[in-house]
Amino acid sequence: MEQRPPSSRPRSSAGRPSTSNRRPKTAGRDGERPALPRPPSRLGAETVGDEVAAISVPFGDRTVSRSGTMAPGSAMGFRTNSRSGLRSSAGGMAARPGTGMVTPIAAYANPPPGTGMHRPVTQQGLTGVRTQSRMGTAIGGNRQVLDKTYYIALLNNHLQSLEDEISSLLSELDKTEKGQQNLLFYEQRAEEQANELKELQGELSDLNLIIDRLNTNSDLRDLEFEVAEAEKANNELTGAVEDLFKERQEKEDFIRQLEGNIHAAKVQNAELINSLDRGLKGEFERVQTETEELRQSLEEKHRELDELNKTKEELDLALANSSLKQQAMVLEEQINELEEKRNSIMKELRSEEPPEEQRQNLIQRIQKDNEEIAHMQTQLQEMNERITQAQEEFREFQNEFEILAVDKSERFRELKNRDAYMDTFLDQFNTLDAEVEGRINELSTEIVRLLNLMSLNCLDESIFSNSLSNPGASASELQDLHVRLEEELISLQMTESRLHTELDAMQRKQVEIEQSLENFDNQEQMREQMDDKRKVLEEQRSNLRKQYAEKEAENSQIAQQVESVERLLSQSALYPKVFGCVVTYLKYVFVQLKELKRRVEVAEDERLALKLKLDAQIAKNDYEPLKQQALRLRNDYNTLLCAKHSSSTLH
7 MEQRPPSSRP
17 RSSAGRPSTS
27 NRRPKTAGRD
37 GERPALPRPP
47 SRLGAETVGD
57 EVAAISVPFG
67 DRTVSRSGTM
77 APGSAMGFRT
87 NSRSGLRSSA
97 GGMAARPGTG
107 MVTPIAAYAN
117 PPPGTGMHRP
127 VTQQGLTGVR
137 TQSRMGTAIG
147 GNRQVLDKTY
157 YIALLNNHLQ
167 SLEDEISSLL
177 SELDKTEKGQ
187 QNLLFYEQRA
197 EEQANELKEL
207 QGELSDLNLI
217 IDRLNTNSDL
227 RDLEFEVAEA
237 EKANNELTGA
247 VEDLFKERQE
257 KEDFIRQLEG
267 NIHAAKVQNA
277 ELINSLDRGL
287 KGEFERVQTE
297 TEELRQSLEE
307 KHRELDELNK
317 TKEELDLALA
327 NSSLKQQAMV
337 LEEQINELEE
347 KRNSIMKELR
357 SEEPPEEQRQ
367 NLIQRIQKDN
377 EEIAHMQTQL
387 QEMNERITQA
397 QEEFREFQNE
407 FEILAVDKSE
417 RFRELKNRDA
427 YMDTFLDQFN
437 TLDAEVEGRI
447 NELSTEIVRL
457 LNLMSLNCLD
467 ESIFSNSLSN
477 PGASASELQD
487 LHVRLEEELI
497 SLQMTESRLH
507 TELDAMQRKQ
517 VEIEQSLENF
527 DNQEQMREQM
537 DDKRKVLEEQ
547 RSNLRKQYAE
557 KEAENSQIAQ
567 QVESVERLLS
577 QSALYPKVFG
587 CVVTYLKYVF
597 VQLKELKRRV
607 EVAEDERLAL
617 KLKLDAQIAK
627 NDYEPLKQQA
637 LRLRNDYNTL
647 LCAKHSSSTL
657 H
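Note that this note's numbering numbers the sequence shown so that position 316 is 322, with each residue one more than the last.
See the structure below:
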């Protein structure tokens, strides 16, 4: 047999003898014992309850264990039950005994036969055969009664574990609630700290500003002035906020009053509807349903209109992206315009007026156009004369200025500006001249067209019919017919060219209208621009007036100087030369004065034009007179209706 060290683990069951060898020698000899009276229970008869002593069974009838003692306690031992709730749930038992002190089964009422209640459930009972363990041998027996108390003890253990778990969860819940409360408290503290931090930052910025001012040696008066300005602005803002708040309160009160009036009107309408007859009430309901249907149909139409507008926008976008579609649209518009013009011309040709009246009207129109053309020609001639005169004056002035003035002087710069202004004026005059000439050409083409139309209206249609139906027509008649047809063809060609020119003019007019619409989209901005421009022009006018007064004073001084110089140099040989220089300088001054006068007049005219435009825009956007007129007409109409209603009730 080999020796094992004392520190090694104990041997397993394989190295031990079998349990049969370790059994006592008296095992299995319980039947040889004499039938002795069983000793009383340790708990006594008073702990059993009222059910004991109901049936007296001798203790010898119960089978004892192999060791001759009572069955051992349960696996939980002899632990007493400490739960008062389970005592009450277990049938009001007090000081429940362990398994080893259970009252014998035979002490209870007669059990039913065949139930097996005369014998308790042992370790080899319902649970099956178990191998013997050291635990069982160490306790002193391997038999264990798994009765009701055993399972109650198990339930008590589970309940205890559940209660422990519930208590732990409740403690965690309390901790969580306390954490949430602390979190809210911390959030409030964080907000307070943030507000304090903002205030401190503001104070720090103020102190930094003061330190900067001190470092830059700024005067304290400036700082006090800035503080006063800031306080003034703050007071103004506070007043504005208070005014807005009062205005808001007034509007809210007005809205509440209107809501009350609306509610009262609704209640009154409901009372009136309820007081109506059944027929009128049914008619009212029918009209109301029709109104609702019409409203729904109107909403549907609006939705359809929105969809159509959306489709139109998509088509416009596709049209804008496609040059062919744009060209087709333009051609279609041109075709429609040409058709309208053709219809108007045919309507004029088919008019019921006699040719003599048409001829007289056309002659009057031609005379009127000739008068307008003559008037425009005279104006154009006057304009050309003025332009030539201005150019001559400008050339003279430029020559004199080149002799006397210096390039770096202020007067030279003013004259340069005047030169630029004259150049722009001349450029605009060319455009105006071109427009006038275009208008004259259009009027001349219109006159020619009207003359051709008169000649066509004066023709006798019977000539064409006779000449074509007569088989014996001569060559001269056919030649005359050919000439007339050629004239008609020429007139048609001229009409076509005129229509093309009118189409181009209408396209240009459309572009101008679109540009004007774009300019008039933002009327408020345009009004502000006009006000700013008016202010600038007024300032320029005041400056020019000041300059004009200064130049007048300078002119008077120069005149006095000239007189004194003439008196001094009247007997000198250099007098003619000096006089020529003085005259040249005076001419220069007079030209400047004239230019200043003209600039003042131009500024005044521009101011008046802007004022007229501004008044027109104000009158266009001011709807107050129309509103007053509409209210007055409504009052008059209500008065007439009341008078008519009163007269109808009297009759």
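Even glycine gets a Cβ: it sits at the ideal position worked out from N, Cα and C. Note that the structure is predicted; figures quoted are calculated from it, not measured.
DSSP places Asn223 outside any alpha helix (DSSP H), giving it a letter other than H or E.
Proximity to Gln513 across Leu213, Asn423, Gln499 and Glu343 peaks at Glu343, based on C-alpha coordinates.
It is roughly 11 Å from the alpha-carbon of Ile341 to the alpha-carbon of Leu505. The continuous stretches of alpha helix (DSSP H) do not include Ser328, and DSSP gives it neither H nor E.
By the C-beta density criterion, Val517 is exposed, having fewer than 16 other C-beta atoms within 10 angstroms.
In the structure shown, the three-state DSSP call for Arg490 is helix. Given a length threshold of 4 residues, each whole run of the alpha helix (DSSP H) inside the region 290 to 363 is given here in chain order: 329 to 355. In the three-state DSSP reduction, Leu152 falls in the coil class, being neither helix nor strand.
Spanning the alpha carbons of Gln385 and Ile372 requires a straight line of approximately 20 Å. Cβ-Cβ separation between Leu323 and Met335: approximately 13 Å, too far for a contact (criterion under 8 Å). Each of Arg424, Asn641 and Asn436 was checked against the Cα of Met389, and the nearest Cα belongs to Asn436. Here the alpha carbons of Glu508 and Leu311 stand approximately 35 Å from one another.
Taking a cut-off of 8 Å for Cβ pairs, the region 544 to 555 and the region 635 to 642 do not touch, as fewer than three such pairs fall below it. Under the 8 Å Cβ criterion, the region 393 to 403 does not count as touching the region 442 to 459, having fewer than three qualifying pairs.
Taking C-beta separations shorter than 8 Å and ignoring five residues to either side along the sequence, the partners of Glu612 in its chain run Leu543, following chain order.
Under the three-state reduction of DSSP output, Leu637 falls in the helix class. Residue environment analysis places Val247 among the exposed positions, since fewer than 16 neighbouring C-beta atoms fall within 10 angstroms of its C-beta.
With fewer than 16 neighbouring CB atoms inside 10 Å of its own CB, Ala511 falls in the exposed class. About 18 Å separates the beta carbons of Arg445 and Met500, which is beyond the 8 Å limit, so they are not a contact pair. Annotated as distal: Glu545 and Arg424, with beta-carbon spacing of 8 Å or more. For Ala615 against Leu550, the beta-carbon gap comes to about 17 Å, at or over 8 Å, which does not count as contact.
Under the three-state reduction of DSSP, Asp375 is assigned to helix. CA-to-CA, the gap between Asn241 and Glu235 works out to about 10 Å. Here Ile279 is not near Lys272, since their CB atoms are 8 Å or more apart. Rounded to the nearest whole angstrom, the C-alpha separation of Arg356 and Ser652 is 57 Å. If you draw a 10 Å sphere on the C-beta of Phe403, you find 16 or more other C-beta atoms in it, and that means buried. Gln333 has its alpha-carbon roughly 41 Å from the corresponding atom of Ala380.
Burial check for Asn376: the Cβ neighbour count within 10 Å stays below 16, so the residue is exposed. Take the alpha-carbon of Glu305 and the one of Asp621: they are about 41 Å apart. In the same chain as Lys619, and ignoring 5 residues on each side of it, the C-beta atoms closer than 7 Å to its own belong to Met536, in chain order. Inclusion of Lys617 and Arg540 in the CB contact set at 8 Å is warranted, their separation being smaller than that value. Just so you know, the alpha carbons of Ile217 and Tyr192 end up roughly 36 Å apart. One thing to note: Arg219 has its Cβ within 8 Å of the Cβ of Leu229.
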